[in-house]
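2 protein chains.
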Amino acid sequence: MLTKDNKILIVGLGLIGGSYAQGLRAQGFWVGAVTRSQETIDYALGHGLIDEGTTVPSANFIGRYDLVVFALYPHTLIQWITDYQQFIKDGALLTDVTGVKGAVVYKVQEMLRPGLEFVGAHPMAGREVYGVRNADCSIFRGANYIVTPTAANSGQAVRTVEQLGETLGFARISRLSPERHDEMIGFLSQLTHCIAMALMTCKNVEHLSAYTGDSFRDLTRIAKINDEMWSELFLLNRDELLGQIDLFTARMSEIREAIAGGDSEALRSIMKLSTERRSHFDK
Amino acid sequence: MLTKDNKILIVGLGLIGGSYAQGLRAQGFWVGAVTRSQETIDYALGHGLIDEGTTVPSANFIGRYDLVVFALYPHTLIQWITDYQQFIKDGALLTDVTGVKGAVVYKVQEMLRPGLEFVGAHPMAGREVYGVRNADCSIFRGANYIVTPTAANSGQAVRTVEQLGETLGFARISRLSPERHDEMIGFLSQLTHCIAMALMTCKNVEHLSAYTGDSFRDLTRIAKINDEMWSELFLLNRDELLGQIDLFTARMSEIREAIAGGDSEALRSIMKLSTERRSHFDK
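Take a look at the structure:
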């Protein structure tokens, strides 16, 4: 059970970590932070996002916390746990915000010493800006929050991590296995970003820019992409993402063949299926 | 010069023909219509979109008009001109609203008898609904209107067709060769529709529908597509569209190879280019 007696530590005060801190403190929790830069901590203290913060992980500081939320890039998360899990108190619950799960959750669970439990979670929210100065816990309203339990988790810990999502105001809390989560993310998020990047970069469109309308803008909105974060997430979900790219590319080839062969019936049949399927997604 | 003395005939009263009629009549022009269904004419008369209309092309009716706007599917446009150009009066100016130009403009110009002139135009506006009952001339506000003159056109006729676009309230009137127009449409509109169709149909996503967020919705908004019209437009622009699909597919393959090879630097370099190019398209 998540109660107001639980002190919550955020590790990594970026956009998501900062937004977690803001939302949790607004709900009355004691929130601490460990992050790399003192400037970030000063900003977070000055704007009421945290109760205390440090750039130096220590047993004295970290050992006070019951729930630790990692809001780090995946490789940094693994490194942090390697270096500092000794400072976390026995019985503490750990969770994260990472956008891929298979490559993270099992690894972290294997690394942890007995007495610590890690439950993966993915808040499906974000903005196209970064850093604690853009922290805004309203981005969680209306968004999905997915918990990815494994056989190593206790029901109680999973429930507590779900409560964290409820406290932050997510519209929909659900559970998926790490594998199912990664399939979903591979298709709905990573493949769509690959498509947007490919469309945005495959042709120099400056001479066409006067004519770009809603279609092109819609398909390339997500072509602005944090290359450091997304390249890491893509590679950590490599096999799943490659499978989704291949599904998409196979269908593109079918469309191409229908056009090349002048096969109006084949084209129309794909268009009809497309129209029918899309109609289920109208808001 | 387009003046209020010019009577304007709309051939084909669908969404675009009906919206032209509405906009032109609101500006004080005499507007007639030839279309297939009496019900459509009754509706258009009853709602003040036209001054008169008929389902039966005749010299008496058609011969009264100075400017004829074809708002038909391409193959219907060619057939109509074959059958009825004899009824159009000498000196009349003809234009259209077709979404491809190379395969239409030259053909029509070759077919016309001396004394008639055709200037192609493409109003880049539309809605995902059809028919005269959805006519709404406000769809032209803020939109592009492209005139595609050829060596067969007089400067005066081109100017008159541009004035038609101005009268309808388009935000930007420009001239492109039919070939350049088709390259632009092949990339910005037809390729994007192919991508949306492929993404929407390559995987059964019902079990993922709870998680579809803005990215997937953005990329598939245009996956609802009028199969009769778009299949014809795709095939009439076949070579250009195939070239654009190949450009896109080649870039997707590069992204796939970078992911398969774990080549973080190659991925990040495409992401950086994508981010930089997309930033020029922010509104």
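From first to last, the protein sequence lines stand for chains X and R.
One point on numbering: in the working numbering, the residue at position 176 of the first sequence is 176, and numbering is uninterrupted.
One point on numbering: in the working numbering, the residue at position 146 of the second sequence is 1146, and numbering is uninterrupted.
Note that the Cβ used here is the ideal one computed from N, Cα and C, for glycine as well.
Nothing here was measured: the structure is a model prediction, and the numbers come from that model.
Three-state secondary structure (DSSP) of residue i
i	result
Pro363(X)	Outside the modelled stretch of chain X, which goes from 1 to 283, sits residue 363(X), for which no answer is possible.
Asp1113(R)	Going by the sequence as given, residue 1113(R) is Arg instead of Asp. If DSSP states are grouped into helix, strand and coil, Arg1113(R) belongs with coil.
Phe1281(R)	coil
Gly165(X)	helix
Asn134(X)	helix
Ala1033(R)	strand
Ile1088(R)	coil
Ile173(X)	strand
Asp227(X)	helix
Val1097(R)	coil
Thr1212(R)	coil
Leu9(X)	strand
Val147(X)	strand
Within chain X, the residues that residue i reaches when beta carbons sit closer than 9 Å
i	result
Trp1230(R)	Leu267, Arg268 and Met271
Gly1262(R)	Leu235 and Arg238
Leu1188(R)	Val205, Leu208, Tyr211, Thr212, Gly213, Ser215 and Phe216
Distance between residue j and residue i (C-alpha atoms, nearest Å)
i	j	result
Glu1183(R)	Gly46(X)	54 Å
Val1069(R)	Phe1140(R)	16 Å
Thr212(X)	Leu168(X)	38 Å
Arg172(X)	Glu162(X)	10 Å
Gly243(X)	Leu1242(R)	24 Å
Tyr65(X)	Leu9(X)	6 Å
Met1124(R)	Ala1143(R)	6 Å
Lys1107(R)	Gly1165(R)	23 Å
Glu52(X)	Ala103(X)	31 Å
Leu1067(R)	Arg1251(R)	45 Å
Leu1235(R)	Leu1093(R)	28 Å
Gly261(X)	Gln79(X)	54 Å
Ile41(X)	Ser19(X)	14 Å
Thr1201(R)	Gly1155(R)	46 Å
Ile222(X)	His75(X)	24 Å
Ala1210(R)	Thr95(X)	23 Å
Phe216(X)	Glu128(X)	18 Å
Arg159(X)	Ser1138(R)	52 Å
Trp230(X)	Thr98(X)	11 Å
Met197(X)	Val1100(R)	27 Å
Ser311(X)	Leu49(X)	Missing from the structure shown is residue 311(X); chain X here goes from 1 to 283 and no further.
Ala157(X)	Leu2(X)	9 Å
Gly1017(R)	Ala1071(R)	5 Å
Where residue i meets chain X, residues with beta-carbon distance less than 8 Å
i	result
Ala1250(R)	Cys202
Phe1170(R)	In chain order: nothing, as chain X lies at least about 12 Å away.
Met1184(R)	Leu208 and Tyr211
Amino acids of chain X, ordered along the chain, whose beta-carbon sits closer than 7 Å to that of residue i
i	result
Met1197(R)	Ile255, Ile270, Met271 and Ser274
Leu1241(R)	Ile259
Lys1224(R)	Thr275, Arg278 and Ser279
Arg1221(R)	Asp218
Asp1042(R)	Result: empty, since nearest Cβ-Cβ is about 29 Å, beyond 7 Å.
Under 9 Å from the C-beta of residue i: neighbouring residues of chain R
i	result
Ser174(X)	Ala1210 and Tyr1211
Closer than 8 Å at the beta carbon, the chain R residues around residue i
i	result
Ile245(X)	Met1252, Ile1255, Arg1256 and Ile1259
Asp51(X)	Within 8 Å Cβ-Cβ: nothing; Asp51(X) doesn't reach chain R, min ~32 Å.
heavy atom of the ligand ADP below 7 Å from residue i C-beta
i	result
Met200(X)	Ligands displayed in this structure: none; no statement on the ligand ADP is therefore possible.
So, do the stretch 1130-1149 of chain R and the stretch 1002-1019 of chain R have three or more beta carbon pairs nearer to each other than 8 Å?
Yes: the two stretches touch, three or more of their Cβ pairs being nearer than 8 Å.
Assess contact between the stretch 193-209 of chain X and the stretch 175-182 of chain X, defined as three or more Cβ pairs (one per stretch) separated by less than 8 Å. Is contact present?
In this structure the stretch 193-209 of chain X does not touch the stretch 175-182 of chain X; the number of beta carbon pairs closer than 8 Å is below three.
Taking only beta carbons into account, state which residues of the stretch 119-145 of chain X come closer than 7 Å to chain B, listed in chain order.
Of the protein chains in the structure, X and R, none is chain B.
Which runs of the beta strand (DSSP E) fall wholly inside the stretch 1247-1279 of chain R and span at least 3 residues, in chain order?
Within the stretch 1247-1279 of chain R, complete beta strand (DSSP E) segments of at least 3 residues are not found at all.
Which whole runs of the alpha helix (DSSP H) in the stretch 175-199 of chain X are 4 residues long or more, in chain order?
With a minimum length of 4 residues, the continuous alpha helix (DSSP H) runs that stay inside the stretch 175-199 of chain X are 178-185.
contact_flag[the stretch 1074-1088 of chain R, the stretch 1101-1115 of chain R] where n(CB pairs < 8 Å) is 3 or more
Contact between the stretch 1074-1088 of chain R and the stretch 1101-1115 of chain R is present, because at least three Cβ pairs lie under 8 Å.
Inter-stretch contact at 8 Å, needing at least 3 Cβ pairs: the stretch 1138-1156 of chain R / the stretch 1120-1130 of chain R:
Between the stretch 1138-1156 of chain R and the stretch 1120-1130 of chain R, the count of C-beta pairs closer than 8 Å reaches three or more; the two stretches touch.
Taking 8 Å as the cut-off, does the stretch 1265-1275 of chain R touch the stretch 267-282 of chain X (at least 3 CB pairs, one atom from each stretch)?
No, the stretch 267-282 of chain X is not in contact with the stretch 1265-1275 of chain R.
Check whether the stretch 18-34 of chain X touches the stretch 45-59 of chain X, taking contact to mean three or more Cβ pairs, one atom from each stretch, closer than 8 Å.
Between the stretch 18-34 of chain X and the stretch 45-59 of chain X, the count of Cβ pairs shorter than 8 Å is three or higher; the stretches touch.
Using 8 Å as the cut-off, can you tell me whether the stretch 1238-1258 of chain R makes contact with the stretch 247-260 of chain X, which would need three or more C-beta pairs spanning the two stretches below that distance?
Yes, the stretch 1238-1258 of chain R is in contact with the stretch 247-260 of chain X.
Continuous beta strand (DSSP E) assignments of at least 3 residues falling wholly in the stretch 1035-1071 of chain R
Listed in chain order, the beta strand (DSSP E) runs fully inside the stretch 1035-1071 of chain R are 1052-1054 and 1067-1070, counting runs of at least 3 residues.
Should the stretch 15-28 of chain X be regarded as contacting the stretch 187-196 of chain X, the criterion being three or more beta carbon pairs within less than 8 Å?
At 8 Å Cβ cutoff, the stretches do not touch.
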